[in-house]
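One structure below.
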Amino acid sequence: MPPVLITSIITYYQTHHDSVSGKHISVLPLVQQPGISLTHLIVAAIHVNEDPRNITLNDHHPSHARFQTLWAELRILQATGIKVLGMVGGAAKGSFARLDVSNPDDRSQLDRFETYYQPLHTLIKERGLDGLDLDVEEPMSLGGVVFLIDRLRRDFGPGFIITLAPVAAALLNPRHNLSGFDYEALEVMRGGEIAWYNAQFYCGWGDCSNPVMYEMILMKGWPAEKVVVGLVTNPENGDGWVPWSMISSVLPLLVGRHARFGGVMGWEYFNSLPGGRERPWEWAGLMSGWLRGRGHEQKDMDMTELLGGKTGLSTGVVVVVADEDGEADEVLPVPRGFEYYSDGIEEDDE
Numbered sequence: 001m002p003p004v005l006i007t008s009i010i011t012y013y014q015t016h017h018d019s020v021s022g023k024h025i026s027v028l029p030l031v032q033q034p035g036i037s038l039t040h041l042i043v044a045a046i047h048v049n050e051d052p053r054n055i056t057l058n059d060h061h062p063s064h065a066r067f068q069t070l071w072a073e074l075r076i077l078q079a080t081g082i083k084v085l086g087m088v089g090g091a092a093k094g095s096f097a098r099l100d101v102s103n104p105d106d107r108s109q110l111d112r113f114e115t116y117y118q119p120l121h122t123l124i125k126e127r128g129l130d131g132l133d134l135d136v137e138e139p140m141s142l143g144g145v146v147f148l149i150d151r152l153r154r155d156f157g158p159g160f161i162i163t164l165a166p167v168a169a170a171l172l173n174p175r176h177n178l179s180g181f182d183y184e185a186l187e188v189m190r191g192g193e194i195a196w197y198n199a200q201f202y203c204g205w206g207d208c209s210n211p212v213m214y215e216m217i218l219m220k221g222w223p224a225e226k227v228v229v230g231l232v233t234n235p236e237n238g239d240g241w242v243p244w245s246m247i248s249s250v251l252p253l254l255v256g257r258h259a260r261f262g263g264v265m266g267w268e269y270f271n272s273l274p275g276g277r278e279r280p281w282e283w284a285g286l287m288s289g290w291l292r293g294r295g296h297e298q299k300d301m302d303m304t305e306l307l308g309g310k311t312g313l314s315t316g317v318v319v320v321v322a323d324e325d326g327e328a329d330e331v332l333p334v335p336r337g338f339e340y341y342s343d344g345i346e347e348d349d350e
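If you want it as structure tokens, here you go:
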């Protein structure tokens, strides 16, 4: 009998300190409050900077004193069974350009990779991370991401969790993409090494106000257990916020329809609704109820009625039909930037 799959409930943790007071934003309520079944926390964002000795978690070295409480709390989460991953990349460019080995026969590329990879390797080992989320939002070669995945697997073994964070549209059409490589080709080449994809259904690259886009991704051939629905947890965190009245129907529907549904992730923890900055852990509690069957029962939806004979969604998101082989007529715009509190108040490091 195959193992029972546990639907993932994931939160990203990039804002670690209050923007006004500088006070640490604790994640311990995720294990202290009842009714929360968080499976993974992804601490962000790790930046591989121009000076290889200056790897940073947001704006400071991971060993900075400001992170002492953070690392201690993450160890507590791990002790309760929650897996803690690090996220590399994101909106800040440069990390993957420095780690890109497009030609493994090119000694200069290999030397550059080793120079920038070793501090990342050290960080993973020193902090006991359970995995790494590769959020490639800059051009990178297919060979380069394969090389990086192979190296992580070789160095950290079969239990190390490797995930990627494509925009949802990239799973339908490689032209609607931020990463520079084709995710379908990557899945063919290294799908066995990739645990899942944290697909971003927001910022103009996806829509989860109904199940249509997720179903289209599955029609394209992606396995349900590999596609995690990524949501913004607060409208302040980017375009694409889905009201509770909609998402409370969509998620239980997907769980009921797909026994191997991958789960849900939220960007990001510190101001997650409904509790906001005062009680950000409540988002994980809501997701736990809806995905673990504690929410209200949902009537199934007819996909033909939802699609209405159209190939695109009514929200202005450009979606390519699952079996389209030709070029799309419309080019999806790059999502606008949005402000986030990456590391709290400014302070003097002297």
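Letter 116 of the sequence shown, counting from 1, is numbered 116 in UniProt numbering, and no numbers are missing.
The beta carbon of each residue, even a glycine, is placed where N, CA and C say it ideally should be.
What you are looking at is a predicted structure, and each value in this text was computed from that prediction instead of being measured.
By a beta-carbon distance limit of 8 Å, Gly230 does not contact Trp196. Their separation comes to about 11 Å. For the pair Val145 and Leu186, the CB atoms are nearer than the 9 Å cut-off. A Cβ-Cβ distance of about 13 Å is found for the pair Val242 and Ser272, leaving them out of contact under the 8 Å criterion. As DSSP reads the structure, Ala199 sits in a beta bridge with Val229.
Under the DSSP assignment, Tyr116 falls in the alpha helix (DSSP H) whose first and last residues are 107-127.
A contact is defined here as three or more CB-CB pairs under 8 Å, and the stretch 75-88 fails this definition with respect to the stretch 109-117.
For the stretch 229-298, the continuous alpha helix (DSSP H) assignments of 4+ residues that do not extend past its boundaries occur at 244-257, 282-291, in sequence order.
Non-local beta-carbon contacts of Lys23 in its own chain, meaning distances under 7 Å to residues more than five positions away in sequence, involve His17 in chain order.
In this structure, DSSP gives Ala92 a state outside helix and strand, which the three-state scheme calls coil. In the three-state reduction of the DSSP assignment, Thr11 falls in the strand class, which pools E and B.
Assignment of Leu178 by DSSP, reduced to helix, strand and coil, places it in the coil class. Nearest Cα to Arg279 within the set Ile36, Ala199, Ile6, Ala169: Ile36. For Leu134, the uninterrupted beta strand (DSSP E) segment begins and ends at 131-135.
Per DSSP, the continuous alpha helix (DSSP H) segment holding Leu70 begins and ends at 68-79. Per DSSP, Lys220 has no beta-bridge partner at all.
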